[in-house]
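Residue numbers (the numbering used here): 95 to 520.
Virtual Cβ for every residue (Gly too), placed ideally from N, Cα, C.
Small disclaimer: the values here were computed from a predicted structure and weren't measured.
Inspection log for the structure reproduced underneath, given as structure tokens.
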RNA sequence: GGGGGUGUGCCCGAGCGGUCAAAGGGAACGGGCUGUAAACCCGUCGACUCAGUCUACGUUGGUUCAAAUCCAACCGCCCCCA
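Shown next, in the form of structure tokens:
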């Protein structure tokens, strides 16, 4: 990662502001003064309800990275305890309750992923699990110490709960805010944490924590929220046809991850560069100002940078090569390759079967339709004959290139060993 | 606990005994135009051994020649009363 702002003259808060990380801040001046007085400890929470983190989590992770680069201590809090309750903020419906074991598995994976962004040496950064202090809580003491300072009136008036009040809100979920506020208090006591960051939908929870710390400890602590990102077309960031854009390489191959960024809307490129890469601001500005076909250059940089952050330089380079090979009609080693099993080849399968088996279409029916619509190309030639079959002779020594649309392609080779497709097989 | 609703394909949403693989919209995908972008136009959009068959309208059973459509129970959700 590019080092930026370390010992530099630009204040990290200004950097964050300029890059678009800050949506709301509880007390900008106070926080700045606290930071100027010396390194502070801050925390950011992750909810273990998903099996992997996704691009949405990238934002808080990168914000934490910037803060850590500026010398502040990062604490990544995993909600092993709160995950068992479920945050109702901004949700339309109640969340399904997860099994304890599922939460623990998710948590382990997420901890691993966050380690790629933050230094977690226990000195400059560490991870904690709030199950540690939440699971052992006793009801009556908790109610007396924490519950007594919360106002139900105020909670009900909060924007985040409005939607849920229409649809119904269980008492379990209603308690979520108390628990998150308690986390802040606990981390303040244990680790001297004075800042919590989170998504803008967390605002109510963060502020509740600030209030709680003030009441119990008479200390001022701070909160900052990140904007909830939407794409230029108004959709939620990070959604694709097949689901979320996962950071886990098994759930979303690096190639697909890379492609996600290449296919981003033009209008989002400048904004995303500032948020999702660690490139200097002026470089982001330069790339973001490109217009017309040149935007592709900016997208290539965006895709490479983010993929590098998440999957490493090697995987990013590989994805980039595959993407380039995608646009040329020639057979290339860089293309995702699928080795057709000898057992299948010997049956002289129709091409639509091969298209489906190679993962280029979800089903044979879809492969058929794609062919009928002229969307399948074999070595650059449209392949529309449903009866055409794939034979050893057709493959030749170097194999062939099957292309579906502009964004999917694979080299089909004759081989008995199992090939690895870079595509998400469904 | 009592009363009333409701549950449809990725999402929203029509259908209310046969003509329903299920209108319409959105999303998505393919073609055209381009720049692996947006907008726009065209097409597709359950599966399979593809002009045929199978699986689908919360779940399970029932009525009927025939059910997404009627009945019962169950499950989930919503509203009113307690």
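Taking only runs of the alpha helix (DSSP H) that begin and end inside the stretch 304-364, which ones reach a length of at least 4 residues, in chain order? 348-356
Label residue 246 either buried or exposed according to how many other C-beta atoms from any shown protein chain fall within 10 Å of its C-beta, with 16 as the threshold for buried. exposed
Please state the DSSP three-state secondary structure of residue 217. coil
Would you mind listing the beta strand (DSSP E) stretches within the stretch 426-477 that are 3+ residues and don't spill past its ends, in chain order? 431-434 and 470-472
How would you write the range of the alpha helix (DSSP H) that residue 397 sits in, first residue to last? 389-405
What do you reckon, are the CB atoms on residue 401 and residue 348 nearer than 8 Å? yes
Would you call the stretch 217-237 and the stretch 289-308 touching, i.e. three or more CB-CB distances under 8 Å? no
Endpoints, the beta strand (DSSP E) within which residue 125 is located: No beta strand (DSSP E) contains residue 125, which is instead part of the alpha helix (DSSP H) from 122-130.
Three-state secondary structure (DSSP) at residue 223? strand
Specify the secondary structure class of residue 37 as computed by DSSP and reduced to three states. No statement about residue 37 is possible, as the shown extent of the chain runs from 95 to 520 and does not include it.
Distance CB(residue 138)-CB(residue 164) smaller than 8 Å: no
Let me know if residue 462 comes out buried or exposed under the rule of 16 or more other beta-carbons within 10 Å of its beta-carbon. buried
Minimum C-alpha distance to residue 241 - residue among 299, 467 and 272: 272
Per DSSP, what are the beta-bridge partners of residue 137 in this structure? 169 and 290
Say whether the stretch 459-478 touches the stretch 384-394, bearing in mind that this needs 3 or more beta-carbon pairs closer than 8 Å, one atom from each stretch. no
If you count every other CB in all the chains shown that lies within 10 Å of the CB of residue 237, and 16 or more means buried, which is it? exposed
Measuring alpha carbon to alpha carbon, tell me which residue in 323, 274 and 365 is nearest residue 244. 274
So, using beta-carbon positions, are residue 208 and residue 178 closer together than 8 Å? no
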